[in-house]
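Have a look at the structure below before the remarks.
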Amino acid sequence: MYKVGNALNYVGVESNTGNDGSENSPLPGTCAEITGNPVTNLQTGTSATDGIDAARCRTVTDDSGHRDDAGNIITVGQNIANWFSYYRKRIYMAKSGLMNALAPLDLNDPAEEVRFGFGSINGGYSSSNDNDDNLPADKTTGSANSSPSIARVKPFSTNRGTLWSWLSAAEAVGGTPLRQALKAVGEYYRTEAQPWQTSAINTQELACRQSYSILMTDGYWNGSNPNIGNADDPSSIIRREGPNGQCFEYPNKSAGSACGSPVEPEPFVGSASNTLADVAMYYWLTDLRNTANEVPTSSDDPAFWQHMSTFTVGLFGQDTNLPGLTGRTAEEIASWAATGGAPNNFDWPTPDASSPNNISDLVHAGINGRGGFYSAGNPKAFERGLQDALRRVQDRVGTGASLAANSTRLDTGTTTYQSLYYSGAWNGDLIAYPVDTSSGAISATPDWVASEHPILQQNWDSRNIKTCNPCGSGVTMVAFDSAADLSAQQQSDLTLTIGSTVHQSQNIIDWLRGDSALEQGTASGTLRSRSALNGNRRLLGDIVNSQPVFVGAPNSNLYAGKNVPSGYSTFASNNANRESRIWVAANDGMVHAFNAETGAETFAYLPGAVIKSGIRDLANPIYGSGAAQHKFYNDGELTVADAYVSGAWRTVLVGTTGRGPSRAVYALDVTNPSAPTLLWERSAGDGLANDEWIGQIIGKPVIARTSDGSSGTWSVVMGNGYNSDENSAALLKFDLASGALSVLQTDTEDNNGLAQPVVWIADADVGTTVGTIAYAGDLNGKLWDCNLTAGTCTHRFTAQASGSAQPITGGMLAGKDPDTGKVWVFFGTGRYLTQGDLSSTALQTWYGLIVQGDGAVSTATASADPPLTQRSIEDEVAATSSSLGARVTEEAVDGDMAGKSGWFMNLSYQTLRGERIVTPNQFQGRMLLGTTRIPGQGSDPCNPSGDGWIMAIDPFTGGRPSSTFFDLNGDGDFDDDDEVQGEIVTGIGFTSIPNNPIFVGNVMLTSFDNATTSSIATAGAGGVPRRTGWRELVDE
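Numbering (this note's numbering), first residue to last: 6 to 1041.
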């Protein structure tokens, strides 16, 4: 998963001032609401900022107590004392809210730690009350209220104690020069190198450093002119360019612009000058440092140059209408910023010193600064606003899955589908992008974004979500909308307690479906909020490792000339015009189906095993931290195939829940896209035969015909994965119709598991469709040959380096050499399963082995070293932000494969960096492709997740291609300009970890762990080696 690491700066600027005394006054309604007699001697003010609602403050005659958010009983007297000490004034609320919001920041994980600075808006108001005096000695130099001093950013663990002391001593007096304070932070980021440097002892400036300001105030600014001008004026175009063709223009109303999708200037534009919003826009638009533009972007902030993002927090009451904007709310305007739609005549009201319009200007500043605005009418709202701002700052988009496409040809209408996750918020998305028919480039403008479709926004109650009850023997699919349709155990599993509030299963069902009525931010809500600042809902869970699968019309030629049950051509004809779907699994626990044309979710299935594995925790407001850590509830791969099941041809989808706690496999009949049905579900602990062998299954299921006859037997074949109750490696074979499970055990070694297999059809070239042999590897580096008819597995080879086993986790590929008729398997070694795997630099290897024919690896040589030809990486040029890397590997020499059982290539060049192959190899024409990943080792904060290569070699020699395969320089030609020092390039390198590519025509489309994509032309398919078995994969 993609992690940004220690490259975050915050500067929090607190308003501890207010000309009208508002910072020293309580907010309306902030008394502890306790039953009792009204307090009669409480003085009330005459203005909204001075007053307090005396009717809500009570004396109390009992001491039965109330519960705090953690569920601890506190006496009423303590309740009142807490309020009086920490919340009765705005300045107290700001202090307490800051401390509570910052307390959860992780001080133990350097990769997660942020850097924090702070200061007060009017720090040097007077010599008798100078809040700047309490800042650290190395603070920036301010000049009273025209430019306050700032505590420089440092790791939060370093600055925390100083911040607490400073907050405790801070007082509220003087004016409110917000514009000058925000400018002071912007100038700190613009003029000083220190906030951009790697650390206190490493002065290298990080090109990826993200910098933020969080401005907390009552909103009525005053003070001197910041001399910024009208920074959000749309009359002049400001253009920014970055690596990999990134481009941004402000404003950009032209859909034909080279910068991609148009950016409407409203609601960013304001006609007034020198406003707070102008200050925020200036330091957002300005490229603050002269370094490469490599700042990570997010869904809220598209800026890739060094800039300051601004969050604003207003200590206001509950009124949502903005001054000077009758009927308009901050949420509505934020939605325009995200999706467009602002009225053409929209303009912000003109702010002025101490004007109510300055509240609207505070909202405008949050929008221009691409952070957002929060209104805090009570202590909890203030704390939640700060926590949400901190969480959103740490949100980063990534993908751990390959792309999908609706065609293997580069035609009009060809579309790619990319799944995404956002760490921190732990939501996800599925986005459709058109592919240019001439260049193969993926458009920057999507056709649709699934999360933005109305069914995942306001129409949540019409979602078609199903689950099972019962889920084992006699499985039945039921609607997931009423607790009454679930078993008593399922209802119990969906009950969630938060503090003193017990949410019964119906509440959690409604929440999982999309209901926001009980989310934080509502009057009495305690469940996790999934609302963005623009009002959009974020209902889809994070999609990390599940590759989208396109399901369209059946291929009428799929079984042409093959020995299969009759009726397939009729089946294909009857379904030739069915609607296309995109299927993908998400960590909201569901596998989702989306209309491939519109992006509308049409169906979702929540496996019963996910319900019992704690999906209720997803609704916990602390999800992703503490006692409710993020989990991979449904993160597995999907396979779809046309198979003969229960006397009829059907389109069947099989999925696993992947690396999460559920350990489940499920099968759906998706022949009718409007009405999928459940065939079966199996899981660890379901009480059915052999359930103890089901582990966390990472690879794709294989759907194969495993016996002959009039209809034959169709099976789902897969490795048992990891952490099964049996704790050993085995091949699993599920009956596709019933889910009945047969187990082919390999050996009895503990702490082991079997990876994704490949099923080989011995005589496919003469019409046979029955797979009789499966090849798979385990964590101990063993290659297993499993006879699907006899039900036995034989050890054929051990991958090892210097006597140490090399784990096989990425799955197998098999192919037949057209020249010799020998059958080969191809795989790489390495692990990428746990946090501990990331730091390993052990030598891993790429293998090609003969498994059928003369010289095949065998039981006799399984524990020894069979004769293999070694291939080496001979030269390498590393990738940069502006150019691909290039690799040259050894050339095969005539005769050097004679008497050999295969080849191997160690994945290292000069030094061991932990390079590994953890996904299956691929064929593209006569080339064998392997995708490698090199996890970051912490040496590069801008690329902590790592980098990797896509390599193309001759599958049956391991040698480099005899002619150019990759268009390295992107000029459309395959010539000497694509070589390195006169040698043909074997691999291309990237600055981020690549996922397995897909091919549309001759164009290789790749997604990366940071959610970017690339399209690279290749030399074409040519002759195609034998495929592996009956699988419909999106890249075939």
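Backbone N, C-alpha and C fix where the C-beta goes; we use that ideal spot for every residue, glycine too.
Give a yes or no on contact between the stretch 462-474 and the stretch 537-546, applying the rule of three or more CB pairs nearer than 8 angstroms. Three or more beta-carbon pairs separated by less than 8 angstroms link the stretch 462-474 to the stretch 537-546, which places the two stretches in contact.
Rounded Cβ spacing between residue 893 and residue 880 (contact assumed at less than 8 angstroms): Counted from its first residue, the sequence shown places residue 893 at position 888. Counted from its first residue, the sequence shown places residue 880 at position 875. At roughly 4 angstroms, the Cβ-Cβ gap stays under 8 angstroms, so residue 893 and residue 880 are in contact.
Relative to the C-alpha of residue 814, which candidate in 888, 761, 220, 512 has its C-alpha closest? Mapped onto the sequence shown, residue 814 falls at position 809. Considering only alpha carbons, the answer is 761.
One or two residues paired with residue 333 in a DSSP bridge: Residue mapping note: residue 333 aligns to position 328 of the sequence shown, counting from 1. Note: residue 333 sits in no beta bridge, so no partner.
For residue 326, the three-state DSSP class (helix, strand or coil): Reading the sequence shown from its first residue, position 321 is the one you call residue 326. It is a strand residue.
Taking only three categories from DSSP, how would you classify residue 367? The residue labelled residue 367 in the question sits at position 362 within the sequence shown. It is helical.
Starting from residue 934, trace the beta strand (DSSP E) both ways and give me its first and last residue. Reading the sequence shown from its first residue, position 929 is the one you call residue 934. Segment 932-940, the beta strand (DSSP E) holding residue 934.
Any contact between the stretch 700-708 and the stretch 723-732? By contact I mean 3 or more CB pairs, one from each, below 8 angstroms. In the pairwise beta carbon analysis, the stretch 700-708 is classified as touching the stretch 723-732: at least three pairs are separated by under 8 angstroms.
Endpoints, the alpha helix (DSSP H) within which residue 188 is located: Indexing the sequence shown from 1 puts residue 188 at position 183. Residues 183-196.
Measure the C-alpha to C-alpha separation of residue 372 and residue 774 and round it to an integer number of angstroms. For the purposes of this step, residue 372 is identified with residue 367 of the sequence shown, where counting begins at 1. For the purposes of this step, residue 774 is identified with residue 769 of the sequence shown, where counting begins at 1. If I take the Cα positions, the gap works out to 60 angstroms.
Let me know if residue 198 comes out buried or exposed under the rule of 16 or more other beta-carbons within 10 Å of its beta-carbon. On the sequence shown, position 193 is the one that residue 198 refers to. By the neighbour-count criterion, in which 16 or more other beta carbons inside 10 Å mark a residue as buried, residue 198 falls on the exposed side.
Kindly indicate which three-state DSSP category residue 353 falls into: helix, strand or coil? Translated into the one-based positions of the sequence shown, residue 353 becomes position 348. In the three-state reduction of the DSSP assignment, residue 353 falls in the coil class, being assigned neither a helical nor a strand state.
Checking 8 angstroms against the spacing of the C-beta atoms, do residue 977 and residue 921 come in under that value? Here residue 977 refers to the residue found at position 972 when the sequence shown is read from its first residue. Here residue 921 refers to the residue found at position 916 when the sequence shown is read from its first residue. Contact: no.
Residue 992 - containing beta strand (DSSP E), residue span: The residue you call residue 992 lines up with position 987 of the sequence shown. That run of the beta strand (DSSP E) goes 992-995.
Assigned exposure category for residue 779 - 16 Cβ within 10 Å defines buried: Numbered from 1 along the sequence shown, position 774 holds the residue referred to as residue 779. By the neighbour-count rule (16 or more Cβ atoms within 10 Å), residue 779 is buried.
Could you spell out the range, first to last residue, of the alpha helix (DSSP H) harbouring residue 498? Residue 498 sits at position 493 when you count from the first residue of the sequence shown. Where residue 498 is concerned, the enclosing alpha helix (DSSP H) stretches over 493-498.
Put residue 426 into one of helix, strand or coil per three-state DSSP. Here residue 426 is taken as the residue at index 421 of the sequence shown, counted from 1. The answer is strand: DSSP assigns residue 426 an E or B state.
Among 983, 936, 951, 949, which residue has its Cα nearest to the Cα of residue 957? Stepping through the sequence shown from its first residue, residue 957 is reached at position 952. That would be 936, whose Cα lies nearest to the Cα of residue 957.
What three-state label does DSSP hand residue 226 in the structure shown? Your numbering for residue 226 matches position 221 in the sequence shown. Residue state, collapsed to three classes: coil.
Span separating the alpha-carbon of residue 859 from that of residue 941: Sequence index remark: in the sequence shown, residue 859 carries index 854 (1-based). Sequence index remark: in the sequence shown, residue 941 carries index 936 (1-based). Rounded to the nearest angstrom, the two C-alpha atoms are 42 angstroms apart.
Roughly how many whole angstroms lie between the Cα atoms of residue 642 and residue 594? The count along the sequence shown starts at 1 and reaches residue 642 at position 637. The count along the sequence shown starts at 1 and reaches residue 594 at position 589. In a straight line, the C-alpha of residue 642 is about 13 angstroms away from that of residue 594.
Whole runs of the alpha helix (DSSP H) within the stretch 571-628, excluding any shorter than 4 residues: 573-579, 613-617
Beta-carbon gap between residue 3 and residue 559 smaller than 8 angstroms: Any property of residue 3 remains undetermined from this structure, which presents the chain solely from 6 to 1041.
How far does the beta strand (DSSP E) with residue 928 in it reach, from first residue to last? Within the sequence shown, the letter at position 923 stands for residue 928. Residues 927-929.
Rounding to the nearest angstrom, what Cα-Cα distance links residue 74 and residue 531 in this structure? The count along the sequence shown starts at 1 and reaches residue 74 at position 69. The count along the sequence shown starts at 1 and reaches residue 531 at position 526. At residue 74, the pLDDT of 45 sits below 50, so the modelled position is not reliable; the number obtained from the coordinates is stated separately. Cα to Cα, residue 74 sits roughly 9 angstroms from residue 531.
Just the C-alpha distance for residue 600 and residue 611, rounded to the nearest angstrom, thanks. For the purposes of this step, residue 600 is taken as residue 595 along the sequence shown, with counting starting at 1. For the purposes of this step, residue 611 is taken as residue 606 along the sequence shown, with counting starting at 1. If you take the alpha carbons of residue 600 and residue 611, they lie about 18 angstroms apart.
Through-space distance from residue 406 to residue 548, alpha-carbon basis: Your numbering for residue 548 matches position 543 in the sequence shown. Your numbering for residue 406 matches position 401 in the sequence shown. When rounded, the distance between both Cα atoms is 8 angstroms.
Name the residue from 798, 855, 838, 809 whose alpha carbon lies nearest to the alpha carbon of residue 822. Numbered from its first residue, the sequence shown carries residue 822 at position 817. The shortest Cα separation from residue 822 among 798, 855, 838, 809 belongs to 855.
DSSP three-state call for residue 439: helix, strand or coil? As a position in the sequence shown, residue 439 is number 434, starting the count at 1. In the structure shown, residue 439 sits in a strand (DSSP, three-state: E or B).
Just list the residues that DSSP pairs residue 1002 with in beta bridges. Numbered from its first residue, the sequence shown carries residue 1002 at position 997. In the DSSP assignment, residue 1002 is bridged to no other residue.
Measure the C-alpha to C-alpha separation of residue 77 and residue 506 and round it to an integer number of angstroms. Taking the sequence shown and counting its residues from 1, the one referred to as residue 77 is at position 72. Taking the sequence shown and counting its residues from 1, the one referred to as residue 506 is at position 501. Note that residue 77 has pLDDT 48, beneath the 50 cutoff, so the model's placement of it is unreliable and no number is given.
C-alpha gap between residue 305 and residue 969, whole angstroms: The count along the sequence shown starts at 1 and reaches residue 305 at position 300. The count along the sequence shown starts at 1 and reaches residue 969 at position 964. The straight-line gap from Cα to Cα measures roughly 41 angstroms.
Please confirm if the stretch 380-390 is in contact with the stretch 288-305, defined as three or more CB-CB distances below 8 angstroms between the two stretches. no
Inter-residue CB distance, residue 1022 and residue 1000 (contact presumed, cutoff 8 angstroms): Mapped onto the sequence shown, residue 1022 falls at position 1017. Mapped onto the sequence shown, residue 1000 falls at position 995. Residue 1022 to residue 1000, Cβ: 19 angstroms. No contact.
Residue range of the unbroken alpha helix (DSSP H) whose run includes residue 166: The count along the sequence shown starts at 1 and reaches residue 166 at position 161. Start and end: 161-174.
Residue closest to residue 397, alpha-carbon to alpha-carbon, out of 536, 439, 516: Position 392 of the sequence shown, counted from the start, is the residue given in the question as residue 397. The alpha carbon of residue 397 has as its nearest neighbour, out of 536, 439, 516, the alpha carbon of 536.
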